[in-house]
Amino acid sequence: MPKLADDLSMTRNTRLNSLTPSKIRAFDEKASKIPGIIKLTIGEPDLNTPEHVKEAAIADINANDSHYAPQAGKPELRQAISDYLKRSLNVDYDPTSEICVTVGATGALNDVFMTILNPGDKILVPTPVWALYFQLIKLTGAIPVQIDTSKDGFVLTPEHLEKVLLNEGKGAKAIILTDPSNPTGRVYPSDTLKKLAEIIKKYQLFSITDEIYGELVYEDNVHHSLSEYIPERNILISGLSKAYAMTGWRLGYIAGPKEIMASICKINAFLVTSVTDNVQAAAIEALNNGKNDPIKARKIYEERLKFMKSGLEKLGFEMSTPQGAFYIFAKIPDSFGTDDEAFANELATKAKVGVTPGRYFGKGGQGYVRLSYASSTENLKEALRRIEKYVENI
Ligand code: PMP
1 MPKLADDLSM
11 TRNTRLNSLT
21 PSKIRAFDEK
31 ASKIPGIIKL
41 TIGEPDLNTP
51 EHVKEAAIAD
61 INANDSHYAP
71 QAGKPELRQA
81 ISDYLKRSLN
91 VDYDPTSEIC
101 VTVGATGALN
111 DVFMTILNPG
121 DKILVPTPVW
131 ALYFQLIKLT
141 GAIPVQIDTS
151 KDGFVLTPEH
161 LEKVLLNEGK
171 GAKAIILTDP
181 SNPTGRVYPS
191 DTLKKLAEII
201 KKYQLFSITD
211 EIYGELVYED
221 NVHHSLSEYI
231 PERNILISGL
241 SKAYAMTGWR
251 LGYIAGPKEI
261 MASICKINAF
271 LVTSVTDNVQ
281 AAAIEALNNG
291 KNDPIKARKI
301 YEERLKFMKS
311 GLEKLGFEMS
321 TPQGAFYIFA
331 KIPDSFGTDD
341 EAFANELATK
351 AKVGVTPGRY
361 FGKGGQGYVR
371 LSYASSTENL
381 KEALRRIEKY
391 VENI
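According to UniProt numbering, the residues represented by the sequence shown are 1 to 394, in order.
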């Protein structure tokens, strides 16, 4: 086994020093070692990729479509994305100049941060939030400014945004909004988005919206996008990972004004050349002929959400009603104090149920735990039974 030469040991990119190892992953790995544990820590669908989507990829492989794809994505796929955005949000993006296909939504985030952020720039991040943002932002040398939304039911209010822009966020260049949210499951109402759009415009910010869970909204909630109100400054990120159960295929996209998309597509091409040819064929099939797939998935998640929410509430967990994605962000019962990390550790070792401590998602997450209901109904039932037994015996 080769050992790195001593004279090379201190020569890596110094920005890596600011990155902290993922606590979510570390906790998950530790929990995975507990025999018989049911893990509700996972942020990915337990459903399978739809058959017709798999078949489209297989046909594409058999047709030897295995070359470098166009760098911004196959034209048919960019057209399918443009059509999808038009029918779901009524927003207009030109497939040739305003859309770029990426390696998952993660690749999209990386492209966008690298395009707009310089070292020292501030970017506003409402929290609790999916923690990878912090790492990707720090890799560019920019500074994430956390906005704790826990006092407002995990929704950033226009008043709060303006207050931050006059104080710790003064001079910020951009804001990123996750809607629907991981970890809280909150969905922004259109009137809040409209008011946020006014402030974003007033302070001349870029907005980046991570809409990866946009198809997964429940009851009478409707997903909207800042692109409906400020298309001239919003950069929309989404992908197929969650709604089509395609996490492993790594297919995401970005839509935005053409002037900035030219730079974003350039960075994407330098980093990855192009997204896997056959994966793009699968994505075309999913978007053009799989309109019912997210609807089916939504029904399944909605039932599980109802079941988990009522079960947890009976046990003394409080929560702002989750409206989208597939997470419940629950306040741990008062009798357990406010140490979410200790609670999650105990629940893993004593009850054999894995949940993620809320503090790992940034400011405002302390005292909460995140449970993913992207797990089979059987698993959820058993997990709830174990939590009940544990809580009642304390
Ligand atoms: N954004 C959010 C908010 C997420 O929760 C996730 C996955 N956990 C991603 C992006 C990553 O999506 P992808 O797998 O398409 O890279």
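Where is the CB? At the ideal position from N, CA and C, for every residue including glycine.
* Asked: If you run the structure through DSSP and keep just helix, strand and coil, what is residue 386?
  -> helix
* In terms of residue numbering, what span does the alpha helix (DSSP H) encompassing residue 78 cover? -> 75-89
* One or two residues paired with residue 330 in a DSSP bridge -> 369
* Do residue 216 and residue 297 come within 8 Å of each other at the CB atom, strictly closer than that value? -> yes
* Where the alpha helix (DSSP H) containing residue 135 begins and where it ends -> 132-139
* Asked: When we look at the beta-carbon of residue 304 and count the other beta-carbons within 10 Å, is it buried (16 or more) or exposed?
  -> buried
* Asked: CB-CB under 7 Å to residue 179, same chain, minus the five flanking residues each way: which ones, in chain order?
  -> 187, 188, 209 and 211
* Three-state secondary structure (DSSP) at residue 14? -> helix
* Pick from 150, 89 and 31 that is closest to residue 329, judged by C-alpha positions -> 150
* Asked: Can we count residue 48 as close to the ligand PMP, meaning its CB is less than 7 Å from some heavy atom?
  -> no
* Going by beta carbon distance, what residues of the same chain come within less than 6 Å of residue 271, once the five residues before and after it are set aside? -> none
* Asked: Can you list, in chain order, the residues of its chain whose CB lies under 6 Å from that of residue 365, leaving out five sequence neighbours each side?
  -> 128, 358 and 359
* Identity of the residue in 390, 384, 353 and 19 nearest residue 36 by Cα -> 353
* Asked: With 16 as the cutoff for other CB atoms within 10 Å, does residue 222 come out buried or exposed?
  -> exposed
* **N- and C-terminal bounds of the alpha helix (DSSP H) containing residue 164** => 158-166
* Asked: What do you reckon, are the CB atoms on residue 387 and residue 253 nearer than 8 Å?
  -> no
* Using only the heavy atoms of the ligand PMP, determine whether one of them is closer than 7 Å to the beta carbon of residue 377. => no
* Less than 7 Å between the CB of residue 115 and some heavy atom of the ligand PMP, yes or no? -> no
* Asked: So residue 188 is in the alpha helix (DSSP H); what residue range does that whole segment cover?
  -> Premise fails: residue 188 is in no alpha helix (DSSP H) and is neither H nor E.
* To do: With a cut-off of 6 Å, give the chain-ordered residues whose Cβ is closer than this to any heavy atom of the ligand PMP.
  => 43, 104, 105, 106, 130, 178, 182, 210, 212, 239, 241, 247 and 252
* Where the beta strand (DSSP E) containing residue 234 begins and where it ends -> 234-239
* **Per-residue burial, residue 167 [other beta carbons within 10 Å of its own, 16 or more giving buried]** => exposed
* Where in the stretch 266-341 do unbroken runs of the alpha helix (DSSP H), each at least 4 residues long, occur, reported from the N-terminal end onward? -> 277-289 and 292-314
* To do: Specify the secondary structure class of residue 115 as computed by DSSP and reduced to three states.
  => helix
* Between residue 65 and the rest of its own chain, which residues show a CB-CB distance below 8 Å, the 5 nearest in sequence each way excluded? -> 277, 278 and 281
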